[in-house]
Structure formats: C-alpha cells, structure tokens
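Only one structure is covered here, and it is reproduced in the block below.
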Amino acid sequence: MPIPTENVGSLPRPTRLQEAIEAYDAGKISLEELQREQDLACQDSIERMEATGQPIVTDGEQRASSFATYPLTDTLAGTGLADNLAPDGQKFAIFADGHHRQLPRLTGGPFRYKTYAGDLLARSLPMAIKPMKQAVIAPSMLSLLYPLERDLPDYSREQFLADLCDECERDIRKCFEVGAKRVSIDFTEGRLACRNDPDNPWTGQKMLDQFIELNNRVINRFTPNERRSIGVHTCPGGDCDSTHSADVDYAELLPKMFQMNAGYFLMQMASEPDKKYVYDLVGRYSREDANGVPQVCFIGVCDPLNPEVESPEQIAEALQTAAKYIPKERLGSTDDCGFSPFSVDKKPKHGTPDFARDIAFQKIAARVKGTQIASEALGVA
Ligand SMILES: [Zn+2]
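Dropping the structure here:
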C-alpha cells in the first residue's frame, strides 16, 4: 500500500468570507447570508483540494469559528455563544508573536454542544466527489472551559467531564454517521501543557497526564476497527503564522501522546530543527498494537506558517529519512498543522489570506507528489 497522505483540516478563510464574518458580528448581514458565503468558500476549498490529487479532502473548516470553538459559538467574537458559557474564559494559548487566543468560560451545567462537526460536514459532503475527513476538538481542550482553581456550585468538575466525554464521543460518531471516512482529533494543547508559561496559568499545572487520560476515556469507547480511522493531531500551534509551544522538547510529549489508543497521528515535524531526533522518538514510542490497532505515524512535511512551498523531492527525502526510524507500513505524510485553525486569520507572513490559500493548495499538491515519489523509492507504491 502506498504511503497514506492526509491534511489536518483547515484552510485560510477567503478575505471575502472574513469580511462577511465581521459584517455578521456587526449585525449588518443575517446568518443565512453568512452561511451562503461559507458555502461558497467550502465549495472552492473542496474543488481545489480535490485538484491537488489528495485522496481524502476537507472543506477547509470554512464554517467553523475555530478548530476548538466550533461546537460552542458561531464566530470567534462570540456571536451565537452556546448556553451556560460566558465569553471571558482563560487564555488557552499565548503565541510567540505576542497575540493570544481565549476560550469561553463555563458558568454552570449542563455542558452541551450547540454544533457538532458532523452538522458542518453534512453541508459539505454533497459538494465533494472524493471521500472526506473531518477534524474534531479533543475533550482535553474543552476541559479548559471549566474554572481552573474552583468548582462551580451546582455542577461538579466530575459531572462536567462526564458530560464532556459524552459530547465528544457523540461528535466523533456523528461525523462517521453522516459519512466521514476518517476523523482526527485536534490536540494542540498537548505540547503546550509541557510549557509552564507564568502568563498562562493552566500550562503550569502539569495537566498532560490528565489530558491523555481524558482523551482515552473517549477514544476507548470505540472498537479497534473504528479506531483505525480515528487520529490525533499534535502541533505547537499555528495561528497568524505563529506558534505557541515550538520550544517544548518533543521528548516531553511523544512518549505520553502515543499512550492514546488512536489509530493514527498527524504530527508537526517539517518545522522541527532536528528531524531525525523527532523521527527517532516517533519510531521508539509509537505502538504496533494500541489495544488492537497499529498506530500509523503521519509525519509533517509541509509548514503552513511558511509561504515557501516545499518541493516534492524535499518531501520524498524527508519521508525516506523518516522510514529509517519508523516502519514503512506505519508511515504517512501530513502538514504540520491546519493552514488556518481560526476563522479570522490574516496570514501576515503570506500577505493575504487569499494568497495563503493559493500557497496551501500548492503545498498539498507537492505533498501528494512527494509522498508518491517516496512510496516508489521505498517499494510500497
Ligand atoms: Zn495544529
């Protein structure tokens, strides 16, 4: 079987869509008008992703407020926030360029999603010819909605986590029910949990172990056969062409990350300074048998934060090097992250989101080609 290749999920929203989001937040256009713009952006994303040759496509998450907040709010500004949430939650990440992103705050129970990823996917599936995948948010990220230091009076942390796991499970199942071929769980907070940033209190609470345990509570509800198509994505963040935890040594994260019983992992690696070091960690800690499934390791070979397009030859070489450390039957290729996990993202290093979209498709096409070259070289084509 050739080396599989898959993107994480998101693409930059076109300038036109980002302007429509702003107009919707300002009450100048209706939700229906915003959805029309989202539909156009999804159609364009799917057609152009299909044209890259990638076997499984996404709609670029053009309908999502962000990879983390799509279940909770229509827009990043908080328009259409779900019940029992206030907009002023904790910062979940402070990025290297100084900007930050914030989560809503839970004010009481019960915790319920207002939008499931499958609801968004169902609107895009009729636009696609190729099979589609869908990204969902990890329970570990949404566990940060609950106040860090105290319990809510009428809604204990345990009850919240139980409800959260049910919602995350339902989110994944719904994706498969409407027709997703694969579902990957975004776990950007994993690496950030090792950071201990005094300006961002939760990162100093050594939460990685509980994140892994919480995510496994959901992942373990699926059969080995289902888990073959359930992945986990790790990265040091990717917003406004900046990262939040690139300085964390992967050795702190990867041995624990592979304890999650997912069938595949989409891992940022193209922008790592010492790739052999991280390939070696992946080879050592990924498991041949994770409670009934082999863990397929998708190596990041394209950097969505850098406008320079990787060549197919460069990508093939990275995969051939990785194959020295990771069994080729368990090797895949991916991008380091989504190309724009947040709906409002000007892509400053690219100049404009529209140009960043053009670059994204070029990168995906190069990845498809480079992966094919590597498959031939490794004798698995
Ligand atoms: Zn990412």
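The opening residue of the sequence shown carries number 10 in my numbering; numbering runs sequentially from there. The beta carbon of each residue, even a glycine, is placed where N, CA and C say it ideally should be. Treat the numbers as computed from the prediction; the structure is a model and nothing was measured.
The beta strand (DSSP E) that contains L275, what's its start and end? Y273 to M276
Which listed residue (G117, M58, T232 and L154) has its alpha carbon closest to that of D163: G117
Alpha carbon to alpha carbon, how far is L130 from I55? Give it in angstroms, no decimals. Annotation: I55 to L130 spans about 12 Å, alpha carbon to alpha carbon.
Is it buried or exposed, E15, if we count other Cβ atoms within 10 angstroms and call 16 or more buried? buried
How long is the line joining the alpha carbons of V291 and Q371, rounded to whole angstroms? 27 Å
At a cut-off of 7 Å, would you count C244 as near ligand 1, judging by its Cβ distance to the nearest heavy atom? yes
R230 versus K183: straight-line alpha-carbon distance, rounded: Cα-Cα distance, rounded: 14 Å.
Thinking C-beta only, is A383 closer than 8 Å to A325? yes
What do you reckon, is the C-beta of C249 under 7 Å from a heavy atom of ligand 1? Because no heavy atom of ligand 1 lies under 7 Å away, the Cβ of C249 does not count as near it: no.
Decide yes or no for the touch test of the region 273 to 290 against the region 344 to 353: beta carbon pairs closer than 8 Å, at least 3 of them. yes
In terms of residue numbering, what span does the alpha helix (DSSP H) encompassing S384 cover? P362 to A386
Counting along the chain, where does the beta strand (DSSP E) carrying G195 start and finish? It should be noted that the sequence gives Asp, not Gly, for residue 195. Looking at the DSSP string, the run of the beta strand (DSSP E) that includes D195 is R191 to D195.
In the structure shown, what three-state DSSP assignment does R45 receive? helix
Distance CB(L358)-CB(N315) smaller than 8 Å: The sequence given here places Lys at residue 358; Leu does not occur at that position. In contact: K358 and N315 (Cβ atoms closer than 8 Å).
Can you tell me which of G98, F267, M269 and D354 puts its alpha carbon nearest to the alpha carbon of P156? G98
Please state if the CB of L43 and the CB of A29 are separated by a distance shorter than 8 Å. yes
Output yes or no for whether 8 Å exceeds the beta carbon distance between L134 and G62. With respect to G62, L134 sits apart: the two C-beta atoms are not nearer than 8 Å.
When you compare the region 96 to 116 with the region 19 to 28, are there three or more beta-carbon pairs, one atom per stretch, that lie closer than 8 Å? no
Using CA coordinates, which residue listed in V318, K337, Y125 and C244 is at the minimum distance from L387? K337
How far does the alpha helix (DSSP H) with R25 in it extend, from its first residue to its last? T24 to D34
Could you give the first and the last residue of the continuous alpha helix (DSSP H) run that contains Q219? L217 to I228
Within 8 Å, do at least three Cβ pairs link the region 291 to 310 to the region 257 to 270? yes
What are the start and end residues of the alpha helix (DSSP H) that includes T330? P321 to A331
Go through its chain and collect everything with a Cβ distance to K190's Cβ below 8 Å, but skip five positions before and after it. I65, P140, M141, K142 and S238
Opening and closing residue of the alpha helix (DSSP H) in which A260 lies: Y259 to M266
Given this structure, state the Cα-to-Cα distance separating C306 from I335, to the nearest angstrom. Straight-line spacing of the CA atoms in C306 and I335 works out to 8 Å.
Look at the Cβ atom of R166, then the Cβ atom of R72, and state whether they are nearer than 8 Å. no
Cβ of G347 within 7 Å of any heavy atom in ligand 1? yes
Cβ-based burial, P264 [other Cβ within 10 Å; buried from 16]: exposed
Exposed or buried, which one is A137 when buried takes at least 16 other CB atoms within 10 Å? buried
To the nearest angstrom, how far is it from the Cα of P148 to the Cα of V318? 33 Å
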